[in-house]
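Here the working numbering is used: the first residue of the sequence shown is 1, the next is one more, and so on.
Glycine included, each C-beta is placed from N, C-alpha and C at the ideal position.
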Amino acid sequence: MQKSIHNFLAATLVAVGALSAASSTSAQSLDLYIGPDGRPDLELRDRERDRRYYDDEYERPGCSERQALRRASRLGVRDPEIQAVTRRQIVIDGQRRGRFVTVAFANRPGCPRLS
Numbered sequence: 001m002q003k004s005i006h007n008f009l010a011a012t013l014v015a016v017g018a019l020s021a022a023s024s025t026s027a028q029s030l031d032l033y034i035g036p037d038g039r040p041d042l043e044l045r046d047r048e049r050d051r052r053y054y055d056d057e058y059e060r061p062g063c064s065e066r067q068a069l070r071r072a073s074r075l076g077v078r079d080p081e082i083q084a085v086t087r088r089q090i091v092i093d094g095q096r097r098g099r100f101v102t103v104a105f106a107n108r109p110g111c112p113r114l115s
């Protein structure tokens, strides 16, 4: 039973790899999910519907000022204030253990710390 499942998964991965290599310019994607019962669930979706570039209110995904402030306070920065917001980073000033500190976060999902 396990051998047949392994063979099926290997064949599926090869097929997905062949599909992605052959049609990398198509506007659809193929998602493969393995459910809790061990059976794969295939989903074919259109990428154009997922894009929100054409919406007027589209806000690009990334780290918001609120997220950066929350993350800075979790790092122990007291009274965090936004110093600068650029396309690539968000700079936060505050105090930590009685000293003035500056913390920079990348403007990406998850707010990774730069310094």
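query: Contacts around Pro109, its chain only, beta-carbon distance under 8 Å, and the 5 residues preceding and following it disregarded; result: Pro61, Gly62 and Cys63
query: Residues bridged to Thr12 (per DSSP); result: Answer by DSSP bridge pairing: none, since Thr12 is not bridged.
query: DSSP-derived helix/strand/coil call for Arg108; result: coil
query: Three-state class that DSSP yields for Arg78 in the structure shown; result: strand
query: Coil, strand or helix - Gly98 by DSSP; result: coil
query: Under the three-state DSSP convention, the category Arg87 falls into; result: coil
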